Amino acid sequence: MTARQHDTPGLQQAARDHLWMHFTEMAAYTDSDIPVIERGEGAYVYDSRGRRLLDGLSGLFVSQVGHGRGEIADAIAAQARELAYFPIWTYAHPTAVRLAERLAGMAPGDLNRVFFTTSGSEAVESAWKLARQYFKAVGQPTRHKVVSREVAYHGTTMGALSITGVQDLKTPFEPLVPSTVQVPNTNLYRAPAHGDDPEAFGAWAADRIEDAIVQNGPETVAAVYVEPVQNSGGCFPPPPGYLQRVREICDRYGVLMVSDEVICAFGRLGEYFGAERYGYLPDMITFAKGVTSGYVPMGGVIARERLMEPFQEPGGMFTHGITFGGHPVAAAAAMANLDVFEDEKLLDNVRRNTPVFRAALERLYDLPIVGDIRGDGYFYGIELVRDKETRETFTGDEAARLLKGFLSPALFEAGLICRADDRGDPVVQLSPPLICGPEHFDEIESVLRRVLTEAWQRI
14 MTARQHDTPG
24 LQQAARDHLW
34 MHFTEMAAYT
44 DSDIPVIERG
54 EGAYVYDSRG
64 RRLLDGLSGL
74 FVSQVGHGRG
84 EIADAIAAQA
94 RELAYFPIWT
104 YAHPTAVRLA
114 ERLAGMAPGD
124 LNRVFFTTSG
134 SEAVESAWKL
144 ARQYFKAVGQ
154 PTRHKVVSRE
164 VAYHGTTMGA
174 LSITGVQDLK
184 TPFEPLVPST
194 VQVPNTNLYR
204 APAHGDDPEA
214 FGAWAADRIE
224 DAIVQNGPET
234 VAAVYVEPVQ
244 NSGGCFPPPP
254 GYLQRVREIC
264 DRYGVLMVSD
274 EVICAFGRLG
284 EYFGAERYGY
294 LPDMITFAKG
304 VTSGYVPMGG
314 VIARERLMEP
324 FQEPGGMFTH
334 GITFGGHPVA
344 AAAAMANLDV
354 FEDEKLLDNV
364 RRNTPVFRAA
374 LERLYDLPIV
384 GDIRGDGYFY
394 GIELVRDKET
404 RETFTGDEAA
414 RLLKGFLSPA
424 LFEAGLICRA
434 DDRGDPVVQL
444 SPPLICGPEH
454 FDEIESVLRR
464 VLTEAWQRI
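Residues 14 to 472, numbered by the numbering used here, are exactly what the sequence shown covers, in order.
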C-alpha cells in the first residue's frame, strides 16, 4: 500500500479503516473528522487543515523542550548511522552507559542504578518486579503486595494496571494481578478530614498508608507507590510533610518507597526529579516521557545501591529484560534532550515562571464553573463544579456531556490542546512545554475563559 501523504480525505478514511487509536471511543469519529496533527514547532503543533494549536499538554506530558528540535533529530540520525540497535542483555553500548551515568548523577542520594525500559508502564511494572525479587533474594519472600492511591494512574500493562487506582480502567481486564491495595489520595479540595488544615490532612492521608500496611501484614508488603504530584484526578500536590511521613512509615515497616515520576520528572516541577522538589529520598524512581521529550520512546527505573547488592552476588541476576530497553537511538535522543535542558536553563525557566503560570490560571476563579485550581510547576488541574459554594460536582452523564461532548472539541477548535478528564471529578489539565513563558500562559487563560464561559451557559 502506498502512503497518501497530505491527502486529508484519504488520511481520514485510512485512519477510520486501519488506525486503532488509544483510549479512544472510535464511534465518536463515525461522522466527524479525526484530528490529524502533521507537524510541530516550539510550543505549537499544526493540524492537517493548517491550523496552529498551542500544545498545552506537551503531547501527553512529554514534550518538555518543545517540537521540531533539530539538534535532537541530528543526534538521533548520527546514532542510527553509527549503531542503530544492540541490546543491553549481557552487553553494553556507549550511549546507554553514558546516559545511565548522567541520570545517576542527576538523581538524589544514592539512586545510582539505572534499568532502562521503553515506557512508563514498563518502568512501573519493572519496579514492582524488582521489589519482589529483591525481597526474595534477601530472605523475605512473603513481601509481594503494593500500596498505591485512589484514582492514581500508573500504567496499562497488567501489573501497572493492578497498581492503578482508576477502577473504570481496571474492570474490563479483571481478574488482575492480586496483591494491590489503594488508600486515599491527597485531594485537599475533596478532603474527607482536615480539609481546612493541609498539614493535618497530609498526616491523616499518610497514616492511611500505615493502616493499609498493618492491616495487610507488614511482612507481605513490598512497596508503596506515590507520584510527587498525582496526575489522575487533576494534579494533586502533596500536603506539607506528607511525603516525608510516607518515607518514615516505609522505613518503619521495611517497605520500599517508589516515586512514580513518569510525568513529574525532567523539569515538570522545576527540578529534574519531584523527589528533589519535595525533599524526600525514595528507594526507586520510575521515569519515561520527558527523558527524551518524546523524540524516541524511553523509560526506566533508578534504584538505590542497596537494591543492587543481592544481584551482585555470584549467580545473582534480575531476571527481567526488555528487547528495546536502553536502545542506542533513544539514549542518544535523551542525551541531546538533556543538553537542551542545560544549555537553555529550562529548570530555571520553570522555577521563575511557576508563579506567573499559576496567577494566569487563577484569574479564572471569577468563573462560576471553576471550583479549584491546583498543581505545581508546569502541571496544573482546574476542577469544574456545578456549584462553587457547595462544591457540588457533576453527575457522570453530565460530566461526559460537558467534557467529551463539548469541552474537548471546543478547546481544540479554539486552538488549545489540553486534557478534559473525568477520571475522578471533572478537570481540565494543563502541562505546557517547559520552554513556555507568560505570553503562552495568557493565551491559555484567554482560550479557557472563552470556552468555559460557553460551557457554563450550556449547563
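Even for Gly, the Cβ is constructed at its ideal location relative to N, Cα and C. Remember, it's a predicted structure, so these values are computed and weren't measured experimentally.
message: Measuring straight from C-alpha to C-alpha, what distance separates G230 and T299?
response: Counting from 1 along the sequence shown, the entry for residue 230 is found at position 217. Counting from 1 along the sequence shown, the entry for residue 299 is found at position 286. Going from the Cα of G230 to the Cα of T299 covers about 26 Å.
field: N- and C-terminal bounds of the beta strand (DSSP E) containing M270
entry: Position 257 of the sequence shown holds residue 270. Taken as a continuous stretch (DSSP letters only), the beta strand (DSSP E) holding M270 covers L269 to D273.
task: In the DSSP assignment, find the alpha helix (DSSP H) that holds Y147 and state where it starts and stops.
output: Here residue 147 refers to the residue found at position 134 when the sequence shown is read from its first residue. Y147 -> alpha helix (DSSP H) spans G133 to A150.
query: What are the boundary residues of the beta strand (DSSP E) that V460 is part of?
result: Translated into positions along the sequence shown, residue 460 becomes position 447. No beta strand (DSSP E) holds V460; the alpha helix (DSSP H) holding it covers P451 to R471.
field: Limits of the unbroken beta strand (DSSP E) element including E522
entry: Lying before the first or after the last residue shown, residue 522 is absent from the chain, which here runs from 14 to 472.
- prompt: Just the Cα atoms here: how many angstroms apart are I222 and V259?
  reply: The residue given as residue 222 occupies position 209 in the sequence shown. The residue given as residue 259 occupies position 246 in the sequence shown. Their Cα atoms are separated by approximately 7 Å.
- prompt: So what does DSSP say about R365, is it helix, strand or coil?
  reply: Your numbering for residue 365 matches position 352 in the sequence shown. It is helical.
query: How about P100: is its C-beta nearer than 9 Å to some C-beta of chain B?
result: Absent from the structure: chain B. Only one protein chain is present.
query: Is the segment 315 to 331 close to the segment 340 to 351, with three or more CB pairs under 8 Å?
result: no
- prompt: Any idea if T15 is buried or exposed, counting beta-carbon neighbours within 10 angstroms, 16 or more meaning buried?
  reply: If you number the sequence shown from 1, residue 15 lands on position 2. With a pLDDT of 41 at T15, under the threshold of 50, the modelled position of that residue is not reliable, and no figure is offered here.
Where G338 falls, given that 16 or more other Cβ within 10 Å makes a residue buried: For the purposes of this step, residue 338 is identified with residue 325 of the sequence shown, where counting begins at 1. So G338 counts as buried.
- prompt: Can the beta-carbon of D389 be found closer than 9 Å to that of V242?
  reply: In the sequence shown, the residue the question calls residue 389 occupies position 376. In the sequence shown, the residue the question calls residue 242 occupies position 229. Closer than 9 Å, so yes.
field: Start and end residues, beta strand (DSSP E) containing S306
entry: The residue labelled residue 306 in the question sits at position 293 within the sequence shown. Element bounds for S306: n/a, residue is neither H nor E.
query: If we ignore side chains and look at the alpha-carbon of each, how far apart do P121 and S71 end up?
result: In the sequence shown, counting from the first residue as 1, residue 121 sits at position 108. In the sequence shown, counting from the first residue as 1, residue 71 sits at position 58. Roughly 25 Å separates the two Cα atoms.
message: What residue range does the alpha helix (DSSP H) around E402 cover?
response: Translated into positions along the sequence shown, residue 402 becomes position 389. First-last for E402: undefined, no H or E at that position.
field: Continuous alpha helix (DSSP H) stretch holding M321: start and end
entry: Along the sequence shown, read from residue 1 onward, the residue named residue 321 stands at position 308. Unbroken alpha helix (DSSP H) run through M321: E318 to M321.
task: Determine the DSSP secondary structure at L24, reduced to helix, strand or coil.
output: In the sequence shown, residue 24 corresponds to position 11, counting from 1. Looking at L24 - three-state DSSP - the assignment turns out to be helix.
field: For P100 and R17, the rounded distance between their alpha carbons
entry: Counting from 1 along the sequence shown, the entry for residue 17 is found at position 4. Counting from 1 along the sequence shown, the entry for residue 100 is found at position 87. Model confidence at R17 stands at a pLDDT of 43, short of 50, so the residue's coordinates are unreliable; what they give is reported in the following sentence. So the two alpha carbons sit approximately 34 Å from each other.
- prompt: In whole angstroms, what separates the C-alpha of R399 from that of L360?
  reply: Locating residue 399 in the sequence shown gives position 386, counting from the first residue. Locating residue 360 in the sequence shown gives position 347, counting from the first residue. For R399 and L360, the distance between alpha carbons rounds to 37 Å.
field: Range covered by the alpha helix (DSSP H) that runs through A423
entry: One-based indexing of the sequence shown puts residue 423 at position 410. Looking at the DSSP string, the run of the alpha helix (DSSP H) that includes A423 is S421 to E426.
Rounded separation between A97 and A86 - CA only: Working through the sequence shown from its first residue, we reach residue 97 at position 84. Working through the sequence shown from its first residue, we reach residue 86 at position 73. Distance between the alpha carbons of A97 and A86: 14 Å.
- prompt: Where do the N-terminal and C-terminal ends of the alpha helix (DSSP H) with Y291 fall, by residue?
  reply: Working through the sequence shown from its first residue, we reach residue 291 at position 278. It spans G287 to Y291 - the alpha helix (DSSP H) in which Y291 sits, taken as one unbroken run.
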